[in-house]
Structure formats: C-alpha cells, structure tokens
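Enquirer: Numbering (the UniProt record's numbering), first residue to last: 1 to 197.
1) Since residue 113 is in the beta strand (DSSP E), which residue starts that stretch and which ends it?
2) How far does the beta strand (DSSP E) with residue 179 in it reach, from first residue to last?
3) Once DSSP output is grouped into helix, strand and coil, what is the label at residue 84?
4) Of all the options 34, 47, 121 and 41, which has the alpha carbon lying nearest to the alpha carbon of residue 9?
5) How about the stretch 38-51 and the stretch 110-130: do they share at least three Cβ pairs that are nearer than 8 angstroms?
6) Just tell me which of 182, 11 and 161 has its CA closest to the CA of residue 118.
7) In the structure shown, what three-state DSSP assignment does residue 140 receive?
8) Just to confirm, is the Cβ distance from residue 5 to residue 76 under 8 angstroms?
9) Under the DSSP definition of a beta bridge, which residues are partnered with residue 174?
10) Provide the residue span of the beta strand (DSSP E) that contains residue 105, from first to last.
11) Report the rounded CA-to-CA distance for residue 161 versus residue 1, giving the unit in angstroms.
12) If you measure between the beta carbons of residue 16 and residue 190, is that distance less than 8 angstroms?
13) What residue from 184, 126, 159 and 152 has the CA that sits closest to residue 92's CA?
14) Measuring only the C-alpha atoms, how far is residue 141 from residue 147?
15) I'd like to confirm the pairing. Which residues does DSSP put opposite residue 195 in its beta bridges?
Structural data, given as structure tokens:
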C-alpha cells in the first residue's frame, strides 16, 4: 500500500504515521530523514543535496524527487510506504506521479488530516504551557508566530494538493480533531477499505 499524509503542521500526521508503520509494517518516509540518510550514506544525490545545504540553500524539487526515487527502491518498501512531507506542492505531486510510473507503482490513498486552524493554535499553546509547567525546555521554533507562518505556507503551497487528489478519486478525509485513538480508528477503517478495494 502506498499512501500520502496531508494536513497542516500539528495535525498529528507524524503520530498516526508511526502507528501505521508499526501496525502495518510499511515504512514512513519523511523527507527530512531521507535527506539526512542520503547525505550520510554519500549517495550521488546525497552529495548534491549536501552541497546545496552547505551553501545554506533550500534543496530543489529535483533533488528531493531523486531522493524519494532512490529510497523507494530499498527492500523495506516492497510492501508499500507512506510519504510524509512529500509532495508539498503541485510540481512535486506531478514528479511523484512520474516516479511511481517509472517503478510500475500506483498511489492507493491520500489521507487528509482535517483540523481547525484555531484549534491547532490552542493545542500548540497548551503544549507550550504543559512543557513549561513540567520544567521542560520549549523549542525556539515552538511559538505562535512561527507556527502561524508555517500554517500560511501550508495553506498557500500544500493545500492545493487536496483538490488535485480529490479529482483523481484518491482523497480520503479524516477528522483530525478527535482523540488519537478515534483518529487511528478512522484511518484504519479507510485503509482496510482501500486494501479490500
């Protein structure tokens, strides 16, 4: 099974992806993790990415797509995989279509974790408060201003993927406002339906 997680920052995608990885035995491919691994393993594309990152620039779509293409050829992806953080834009979505076609693979489902922006900000502020009360260190980027900027970027660049995948009949919406277990149950029901499909 090949699936994509969509949803704004803080929607709980990472939590659910980790759970699916352990219950269904398919790897969660996070763009950041894949980039770091490619650089560490000094693959051809990893060397290109390192040069760009060392220059303080953003890694291009071509490099990210190359890293995804390289990663899905690993043995642990034979039963499928989840993409987390890719595609982020319509250009990347089209690149993914090409990568999958080249590997004779097809996307099974796109899960959109739908959440209310205001509620996400409440969750963030609660998390910051709880961390401080517990005497923990709050990450420097864990603040409302930075979070709102990330939300704006998501709405401008990634949200257009929602109608793109809806038109292809691949989009399934999950109510991300419920408890972790309730959201997990909803996701499992969708994935079971897709597998039987």
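Where a beta carbon is used, it is the ideal one built from N, C-alpha and C, also for glycine.
Expert: To lay it out plainly:
1) One-based indexing of the chain shown puts residue 113 at position 113. First-last of the beta strand (DSSP E) with residue 113: 109-114.
2) The residue labelled residue 179 in the question sits at position 179 within the chain shown. Unbroken run through residue 179: none, as it is neither H nor E.
3) Residue mapping note: residue 84 aligns to position 84 of the chain shown, counting from 1. It is a strand residue.
4) The residue labelled residue 9 in the question sits at position 9 within the chain shown. The shortest Cα separation from residue 9 among 34, 47, 121 and 41 belongs to 121.
5) For the pair of segments examined, the stretch 38-51 was found not to touch the stretch 110-130: the number of CB pairs separated by less than 8 angstroms stays below three.
6) Sequence index remark: in the chain shown, residue 118 carries index 118 (1-based). Comparing alpha carbon positions, the residue from 182, 11 and 161 closest to residue 118 is 11.
7) By 1-based counting over the chain shown, the position of residue 140 is 140. DSSP, reduced to helix, strand and coil, places residue 140 outside both helices and strands of the structure shown, so it counts as coil.
8) If you number the chain shown from 1, residue 5 lands on position 5. If you number the chain shown from 1, residue 76 lands on position 76. Result no, Cβ atoms of residue 5 and residue 76 do not sit closer than 8 angstroms.
9) Locating residue 174 in the chain shown gives position 174, counting from the first residue. Residue 174 is bridged by DSSP to 113.
10) Position 105 of the chain shown, counted from the first residue, corresponds to residue 105. From DSSP, residue 105 is part of no beta strand (DSSP E); its letter is neither H nor E.
11) On the chain shown, residue 161 is found 161 positions in, with the first residue counted as 1. On the chain shown, residue 1 is found 1 positions in, with the first residue counted as 1. In a straight line, the C-alpha of residue 161 is about 20 angstroms away from that of residue 1.
12) What you label residue 16 is simply residue 16 of the chain shown in a count that begins at 1. What you label residue 190 is simply residue 190 of the chain shown in a count that begins at 1. Contact flag unset, no.
13) As a position in the chain shown, residue 92 is number 92, starting the count at 1. Nearest in C-alpha terms to residue 92, of all of 184, 126, 159 and 152, is 159.
14) By 1-based counting over the chain shown, the position of residue 141 is 141. By 1-based counting over the chain shown, the position of residue 147 is 147. Take the alpha-carbon of residue 141 and the one of residue 147: they are about 8 angstroms apart.
15) One-based indexing of the chain shown puts residue 195 at position 195. Answer is none; residue 195 lacks a bridge partner.
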